Amino acid sequence: RQLRLRLGGNIMQFQHLASSAGAAEADVLAITVFGSPDKDATFKAISGQVGGGLAAAAKDESFEGKSGQMLMFNTTGRVVVDPKKPLLARRILVLGGGGRKDYSPTLARDLVAAAVGAAHRVGGKRLAFLVPAGHGGAEALQNLVEGAVLGTYRFNRYLTSDDAKKPGQVGAVVGASDG
């Protein structure tokens, strides 16, 4: 499923894949961790692909998967989530989701908004958001769109620099289910 949406003067493209995020290329790959990253299979698999650096960074920054926590990790460019479909990602964004039982459409939308904002701050143009297992489908696409729109919002009424008033750079958001 694909959708194109005009936001101000920009067009943002959305795509929802029923397979792993490996079916897309992205500047930023965003994953959600519920609780300790040591117990999350996706986190461990991705950390293994970058030589354990993601797990080390999570430990150094005391990342515990709590709601509102964020960890941005710079990769060497290649992360394999699914061996059949390699994903090229310059950065991995790990978002804390709190407890798995607390997952809701509102939380999903807020996580995507945070991911779009973080991708914008590092100059990302394409974001791949890995939808947690069991939360795919049409509702996931709706959450991607709503979250991306919220993530691009900037109050710029009092900003004076032309650079500060530039629209967001993120032009494509890909949502993929991890199970």
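Residue 24 is where the sequence shown starts when you use my numbering, and the numbers rise one by one after that.
Just so it is clear, CB atoms sit at the ideal spot from N, CA and C, and this is done for glycine as well.
Since the structure is predicted, the reported quantities are computational estimates derived from the model, not experimental observations.
Residue from the options with nearest C-alpha to residue i
| i | options | result |
| --- | --- | --- |
| residue 95 | 166, 66, 131 | 66 |
| residue 60 | 93, 49, 86, 76 | 86 |
| residue 111 | 72, 162, 138 | 72 |
| residue 1 | 152, 114, 162 | Outside the modelled stretch of the chain, which goes from 24 to 202, sits residue 1, for which no answer is possible. |
| residue 166 | 131, 139, 92, 62 | 131 |
| residue 92 | 68, 79, 118, 75 | 118 |
Residues that residue i bridges to, as DSSP identifies them
| i | result |
| --- | --- |
| residue 119 | 56 |
| residue 96 | 115 |
Own chain, CB closer than 6 Å to residue i, minus 5 neighbours either side, in chain order
| i | result |
| --- | --- |
| residue 136 | 170, 173, 174 |
Span separating the alpha-carbon of residue i from that of residue j
| i | j | result |
| --- | --- | --- |
| residue 147 | residue 98 | 13 Å |
| residue 53 | residue 125 | 19 Å |
| residue 120 | residue 183 | 36 Å |
| residue 44 | residue 152 | Because the pLDDT at residue 44 is just 45, under 50, the model does not fix this residue reliably, and the point stays unresolved. |
| residue 155 | residue 90 | 15 Å |
| residue 139 | residue 88 | 19 Å |
| residue 55 | residue 49 | 16 Å |
| residue 76 | residue 68 | 12 Å |
| residue 74 | residue 62 | 18 Å |
Proximity below 7 Å, CB of residue i to CB of residue j
| i | j | result |
| --- | --- | --- |
| residue 116 | residue 141 | yes |
| residue 51 | residue 150 | yes |
| residue 227 | residue 70 | With the chain represented from 24 up to 202, any question about residue 227 goes unanswered, as that position is not in the structure. |
Contacts around residue i, its chain only, beta-carbon distance under 7 Å, and the 5 residues preceding and following it disregarded
| i | result |
| --- | --- |
| residue 122 | 57, 58 |
| residue 84 | 94 |
Contacting residues, own chain, Cβ-Cβ under 8 Å from residue i (five flanking each side not counted)
| i | result |
| --- | --- |
| residue 128 | 162, 165, 166 |
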